[in-house]
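> The structure that follows is given in the form of structure tokens.
Residue numbers (our numbering): 45 to 478.
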């Protein structure tokens with residue numbers, strides 16, 4: 045072993061030898077949190093591009109604007125970790141990285157702009173590598189196929205080769221990724237599964253987080269800890285899917301937007317959710333979220349304003365009246381306390397369960413919660429099984445806001461449409477009881 049190889053092993057660590065050297069057409073890696081899968085992938089690509097002088101990389105996520113704080117930051121870290129930052133030029137407008145000695149590129153794209161992906165090219169060398177990070181966000185296999193047919197493209201001269209690397213947390217065994225890459229074995233696919241147990245860079249406090257997860261939420265530990273596939277049995281909400289909802293103009297009267305907020309700070313995140321509900325066809329479309337720890341009330345107000353929802357009616361946790369008052373003073377004028385009482389949790393869950401839920405791929409924290417929100421094995425004093433009060437902050441916000449769905453009656457607007465052939469703003473407002 046040469047001196048350089050010894051240094052690389054110290055930098056990268058163990059457990060990824062086969063992944064690091066894999067040259068198959070598809071390199072698919074599922075893993076739990078803390079498994080160093082994204083860090084190792086970033087190190088691998090920086091190392092490869094500097095070694096393979098005509099290689100270029102396209103990095104893809106579902107939403108373009110999520111790159112800056114994830115893949116872009118991870119690849120910058122990899123440059124620093126390898127001690128080569130001075131050899132790279134990293135820009136945010138446009139978002140790209142350039143290897144100074146050769147002009148090789150790392151480009152970033154999102155599935156929310158498919159045309160940009162299809163037209164992606166490089167001026168020097170070959171666009172032979174693709175990295176799809178958080179691939180679980182991609183709800184439709186057809187979207188993956190579109191990318192796969194577009195990039196990498198053309199003939200690649202040896203010793204270069206084409207490869208698409210796919211990395212993700214396996215939140216549900218029902219996702220198309222499992223069937224395509226793990227269930228149907230293929231000679232051009234290499235699959236890998238990793239978890240935090242092989243990450244020698246974690247300290248004692250990091251490992252205690254996983255130990256607590258194992259004790260408090262075993263189901264989440266199976267996925268986020270051990271990197272195993274999430275299963276659908278025993279979930280609080282079973283009738284949900286990942287996808288985008290295109291609402292036809294003639295059916296807009298059926299839908300109304302609702303907003304919920306659950307407070308957190310040190311240990312729990314503040315969770316905000318925006319969704320549309322259609323009481324006629326019994327559908328919910330969750331289209332926006334924010335989810336962050338250590339948010340002051342001024343931070344919450346600013347985030348709501350930035351999203352454009354400051355004038356909307358928002359149901360927030362009634363246990364924090366002071367926070368609700370603070371937000372009103374800061375311009376979130378229509379914030380209201382949630383409705384709580386005997387059996388409010390179970391009744392709220394029962395009402396939501398009557399609806400088919402579609403979650404936008406961008407709402408990654410909602411997807412994670414729905415994948416792990418389960419009933420406690422223990423029952424309350426009346427013999428009823430309650431959901432586990434753990435990692436359910438967006439689910440709580442959904443339940444708070446859903447209380448208002450019962451006051452929305454789109455059929456009134458529908459009747460007016462049938463009589464007059466058009467809907468006015470007054471008609472839509474008339475669909476409310478309050």
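Glycine included, each C-beta is placed from N, C-alpha and C at the ideal position.
Since the model is a prediction, treat every value here as computed from it, not as a measurement.
1. Buried or exposed: where does residue 167 fall if 16 or more other Cβ atoms within 10 Å of its Cβ makes it buried?
2. Which residues mark the beginning and the end of the beta strand (DSSP E) in which residue 252 is found?
3. Using only the alpha-carbon positions, how far apart do residue 401 and residue 355 sit?
4. Need the endpoints of the alpha helix (DSSP H) that residue 392 sits in, please.
5. Have a look at 321, 326, 348 and flag the residue whose alpha-carbon is nearest the alpha-carbon of residue 315.
6. Please state whether DSSP places residue 380 in a helix, a strand or coil.
7. When DSSP labels each residue in this structure, what does residue 299 get in the three-state scheme?
8. Given a cut-off of 8 Å, decide if residue 345 and residue 308 are closer than it, judged by their beta-carbon atoms.
9. Count the other CB atoms, across all protein chains shown, that sit within 10 Å of the CB of residue 427; report buried if there are 16 or more and exposed otherwise.
10. Just to confirm, is the Cβ distance from residue 170 to residue 204 under 8 Å?
11. If you count every other CB in all the chains shown that lies within 10 Å of the CB of residue 56, and 16 or more means buried, which is it?
12. If I'm right that residue 159 touches residue 103 with Cβ under 8 Å, what's the distance once you round it to whole angstroms?
13. Going straight from the alpha carbon of residue 53 to that of residue 371, what length do you get?
14. For residue 217, which residues from the same chain have a beta carbon less than 8 Å from its beta carbon, with the 5 sequence-adjacent residues on both sides left out?
15. Between residue 210 and residue 70, which are expected to be in contact by the criterion C-beta below 8 Å, what is the C-beta distance as a whole number of angstroms?
16. Using a Cβ-Cβ cutoff of less than 7 Å, which residues in the same chain neighbour residue 449 once the five nearest sequence positions on both sides are dropped?
17. Quick check: the Cα distance between residue 85 and residue 176, rounded to an integer number of angstroms?
18. With a threshold of 6 Å on Cβ separation, who are the neighbours of residue 73 within its own chain once the five nearest residues in sequence on each side are excluded?
19. Under 8 Å between the Cβ atoms of residue 173 and residue 94?
20. Closest by CA to residue 265, which one among 140, 79, 403, 141?
21. Do three or more CB pairs link the stretch 253-272 to the stretch 281-298 at distances below 8 Å?
22. Can you list, in chain order, the residues of its chain with a C-beta nearer than 8 Å to that of residue 109? Leave out the 5 residues immediately preceding and following it.
23. Please go through the same chain and pick out, in chain order, the residues whose beta-carbon is closer than 7 Å to the beta-carbon of residue 289, but skip the five residues on each side of it.
24. Using a Cβ-Cβ cut-off of 6 Å (strictly less than) and excluding sequence neighbours within five positions of residue 63, which residues of its own chain qualify?
25. Figure out for me which residue from 148, 333, 114 has the closest Cα to the Cα of residue 412.
26. Taking all protein chains shown into account, decide if residue 138 is buried (16 or more other Cβ within 10 angstroms of its Cβ) or exposed.
27. Tell me the rounded alpha-carbon separation between residue 77 and residue 269.
28. Of all the options 83, 161, 228, which has the alpha carbon lying nearest to the alpha carbon of residue 484?
29. Let me check one thing: in DSSP terms, what residues is residue 443 bridge-paired to?
30. On the three-state DSSP scale, how would you describe residue 265?
31. Can you tell me where the beta strand (DSSP E) holding residue 331 begins and where it ends?
32. Using C-beta distances below 7 Å, list every residue in its chain close to residue 116, excluding the 5 sequence neighbours before and after it, in chain order.
33. Using DSSP bridges, identify the partner residues of residue 69.
34. Run through DSSP, which three-state label would residue 344 get?
35. Residue 184: which of 394, 418, 156 sits nearest, CA to CA?
36. Quick check on the burial criterion: 16 or more other C-beta atoms within 10 angstroms. Buried or exposed for residue 361?
Looking at the atomic coordinates:
1. In the chain shown, the residue the question calls residue 167 occupies position 123. Answer is exposed; the Cβ neighbour count stays below 16.
2. On the chain shown, residue 252 is found 208 positions in, with the first residue counted as 1. Here residue 252 belongs to no beta strand (DSSP E); instead the alpha helix (DSSP H) covers 248-260.
3. Mapped onto the chain shown, residue 401 falls at position 357. Mapped onto the chain shown, residue 355 falls at position 311. Take the alpha-carbon of residue 401 and the one of residue 355: they are about 25 Å apart.
4. Reading the chain shown from its first residue, position 348 is the one you call residue 392. First-last of the alpha helix (DSSP H) with residue 392: 388-396.
5. In the chain shown, counting from the first residue as 1, residue 315 sits at position 271. Minimum Cα distance to residue 315 is reached at 348.
6. Taking the chain shown and counting its residues from 1, the one referred to as residue 380 is at position 336. Strand, per DSSP.
7. Taking the first residue of the chain shown as 1, we reach residue 299 at position 255. Residue state, collapsed to three classes: coil.
8. Translated into the one-based positions of the chain shown, residue 308 becomes position 264. Translated into the one-based positions of the chain shown, residue 345 becomes position 301. If you check the CB distance, residue 308 and residue 345 do not come in under 8 Å.
9. Position 383 of the chain shown holds residue 427. Classification for residue 427: exposed.
10. Counting from 1 along the chain shown, the entry for residue 170 is found at position 126. Counting from 1 along the chain shown, the entry for residue 204 is found at position 160. Yes, they are a contact pair.
11. Within the chain shown, the letter at position 12 stands for residue 56. Per the 10 Å Cβ criterion, buried.
12. Taking the chain shown and counting its residues from 1, one reaches residue 159 at position 115. Taking the chain shown and counting its residues from 1, one reaches residue 103 at position 59. 17 Å between Cβ atoms; not a contact.
13. Position 9 of the chain shown, counted from the first residue, corresponds to residue 53. Position 327 of the chain shown, counted from the first residue, corresponds to residue 371. Approximately 51 Å, taken between the alpha carbons.
14. By one-based count along the chain shown, residue 217 stands at place 173. Excluding the 5 residues flanking it on each side, residue 217 has same chain C-beta neighbours closer than 8 Å at 273, 274, 275, 276, in chain order.
15. For the purposes of this step, residue 210 is identified with residue 166 of the chain shown, where counting begins at 1. For the purposes of this step, residue 70 is identified with residue 26 of the chain shown, where counting begins at 1. Going by Cβ atoms, the distance from residue 210 to residue 70 rounds to 7 Å, so yes, they are a contact pair.
16. Locating residue 449 in the chain shown gives position 405, counting from the first residue. Same-chain partners within the cutoff: 302, 321, 323.
17. The count along the chain shown starts at 1 and reaches residue 85 at position 41. The count along the chain shown starts at 1 and reaches residue 176 at position 132. Looking at the two C-alpha atoms, the distance is approximately 11 Å.
18. For the purposes of this step, residue 73 is identified with residue 29 of the chain shown, where counting begins at 1. The answer, listed in chain order, is 81, 211, 236.
19. The sequence position of residue 173 within the chain shown is 129, counting from 1. The sequence position of residue 94 within the chain shown is 50, counting from 1. Taking 8 Å as the Cβ cut-off, residue 173 and residue 94 do not qualify as a contacting pair.
20. Here the question's residue 265 lines up with position 221 in the chain shown. Checking every option, the nearest Cα to that of residue 265 belongs to 79.
21. Contact between the stretch 253-272 and the stretch 281-298 is absent, because fewer than three Cβ pairs lie under 8 Å.
22. Counting from one through the chain shown, the residue named residue 109 turns up at place 65. Cβ within range, chain order: 154.
23. For the purposes of this step, residue 289 is taken as residue 245 along the chain shown, with counting starting at 1. Result list for residue 289: 329, 402, in chain order.
24. Residue mapping note: residue 63 aligns to position 19 of the chain shown, counting from 1. For residue 63, where only same-chain residues beyond five positions count, the Cβ hits under 6 Å are 236.
25. For this step, residue 412 is matched to residue 368 along the chain shown. Of the listed residues, the one whose Cα sits closest to residue 412 is 333.
26. Locating residue 138 in the chain shown gives position 94, where the first residue counts as 1. When all chains shown are included, residue 138 counts as exposed.
27. Along the chain shown, one-based indexing puts residue 77 at 33. Along the chain shown, one-based indexing puts residue 269 at 225. Distance between the alpha carbons of residue 77 and residue 269 is about 6 Å.
28. As shown, the chain starts at 45 and ends at 478. That puts residue 484 outside it, with no answer to give.
29. Within the chain shown, residue 443 is the residue found at index 399, counting from 1. Its beta-bridge partners do not exist; DSSP assigns none.
30. Working through the chain shown from its first residue, we reach residue 265 at position 221. DSSP places residue 265 in helix when its eight states are reduced to three.
31. Position 287 of the chain shown, counting from 1, holds the residue named residue 331. Here the beta strand (DSSP E) through residue 331 covers 327-336.
32. As a working mapping, residue 116 is identified with position 72 in the chain shown. Excluding sequence neighbours, residue 116 sits near 139, 152.
33. Residue numbering aside, residue 69 sits at position 25 when the chain shown is read from its first letter. Its beta-bridge partners do not exist; DSSP assigns none.
34. Position 300 of the chain shown holds residue 344. Helix.
35. Along the chain shown, one-based indexing puts residue 184 at 140. Minimum Cα distance to residue 184 is reached at 156.
36. Walking along the chain shown from the start, residue 361 turns up at place 317. So residue 361 counts as buried.
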